[in-house]
Amino acid sequence: MKKQTKSTFASLFLTLICAVNGYAQGPTGINTKTPLQQLHVAGTSSSAPIGSSGINVVKPTIRIEGLNMANNTANGILGAYNLPVILKAAPYNATPFSWTSATQVQPVSVTQAGDLILSRDYVIPLVATRLGDDELTAVAVTDVSDGNNSTVGVLKKYAFTLDQPAMVHFLASVSVAVYATNGTELVDGVDRAYHAVFRFPSVAGKNVGVGVLNTLFGQDGNSYTNAQPGGTNGNMYAIAETYLILQKGNYEVELLGRVGGYDYISRIVFGPGSDDMVSIIATPL
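In our numbering, the protein residues as written are 272 to 556.
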């Protein structure tokens, strides 16, 4: 009887040890959706590099091998959208942009399912004029209206796609020159107004998430007058700029030149300079 009691006690003791050991080694959220404990990361700063990365621990951190350049093709290349080249000078003279240094960072995003992914979508240049290039071919707009009406001309069209809702920044720097209708110098001393402005036109299958189509936005302009022969001439500039929150979808936007001379007609040339620039940049929401 005593021998059986000792055997039973030993079996219970071993069972308890296995249970405690199994609980201690239980999942903490890695490869399971029902962890037994919370995952807590703690640590102190260190001057020693982590492995062969050459990076020191400055705060408690998590290192995920599946996100590094060796294991993830999304790491190391910024340009899934075949980004336009912004600068002519090296190292930004190739598309897509890329890097090879382990010290450079890559944006990490969280999906609606809670997954961590590498993302190049934090800021998306949809349109960007390369520094030193000229975005526009000169377009002449002749104001033939009277009263308070104005005349518009399309300077250029741009199409882009948003894969999710985004805040979009529209910016255009447009050179402007003002003349009489025959292209000669103005000398009548009457103001001529000019504006650069954006517009979403009515296009089949596009601009559904805009709201009211054909509404002018981001407009900027000024007026020009001259009363003396040989007065000030040359190019002036209008800087059209605004932010819009747009839904997912396909879009086509027009950059317009708008002129107004009231009862005095005129010929205004948009884009006669050599440094007109346009950028359309999306920040996903």
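Note that the Cβ used here is the ideal one computed from N, Cα and C, for glycine as well.
Let me make sure I understand the geometry here. Which of the options has the alpha-carbon closest to that of residue i?
i	options	result
Val461	Gly531, Val412, Asp386, Thr513	Gly531
Thr486	Val398, Arg470, Leu402	Arg470
Tyr424	Val474, Ala437, Thr413	Note on residue identity: the sequence assigns Gly, not Tyr, to residue 424. For the residues Val474, Ala437, Thr413, the minimum Cα distance to Gly424 belongs to Thr413.
Leu442	Asn343, Glu525, Met340	Glu525
Met548	Leu426, Asp386, Ser421	Leu426
Asp546	Met507, Arg529, Asn497, Ser421	Met507
Leu457	Asn497, Ser473, Thr408	Asn497
Asp386	Ser550, Leu338, Ala509	Leu338
If you measure between the beta carbons of residue i and residue j, is that distance less than 7 Å?
i	j	result
Ala511	Val481	no
Tyr535	His440	no
Ser494	Ala464	yes
Glu523	Val474	yes
Glu336	Asn342	yes
Exposed or buried, which one is residue i when buried takes at least 16 other CB atoms within 10 Å?
i	result
Lys428	exposed
Ser537	buried
Ala384	exposed
Arg334	exposed
Asn478	buried
Leu433	buried
Gly492	buried
Ser369	The pLDDT assigned to Ser369 is 49, lower than 50, so where the model puts this residue is not dependable, and the model offers no usable value.
Could you tell me the alpha carbon to alpha carbon distance between residue i and residue j, rounded to whole angstroms?
i	j	result
Asn521	Phe431	6 Å
Lys265	Ala319	This structure cannot speak to residue 265, because the chain is shown only from 272 to 556.
Gln490	His466	6 Å
Val398	Leu389	23 Å
Leu517	Gln435	9 Å
Leu527	Thr455	23 Å
Ile395	Arg401	15 Å
Arg529	Thr422	6 Å
Gln499	Asn453	17 Å
Ala553	Met438	6 Å
Pro378	Leu556	15 Å
Gly476	Asp459	47 Å
Ala409	Val381	45 Å
Ile551	Gly505	28 Å
Pro472	Asp404	27 Å
Phe488	Gly501	35 Å
Thr305	Met340	30 Å
Ala411	Val483	28 Å
Leu358	Ala509	With a pLDDT of only 39 at Leu358, under 50, the local geometry of the prediction cannot be trusted, and no value is derived from it.
Report yes if the C-beta of residue i is less than 6 Å from at least one heavy atom of the ligand MN; otherwise report no.
i	result
Leu526	The model on display carries no ligand, and the ligand MN is accordingly not part of it.
Please tell me whether residue i has its Cβ less than 7 Å away from any Cβ of chain D.
i	result
Val479	The displayed structure is made up of one protein chain only, and chain D is not part of it.
### Task
Take every Cβ of the region 435-452, pair it with every Cβ of the region 541-551, and state whether three or more of those distances are shorter than 8 Å.
The count of Cβ pairs closer than 8 Å, one atom from the region 435-452 and one from the region 541-551, reaches three, so the stretches are in contact.
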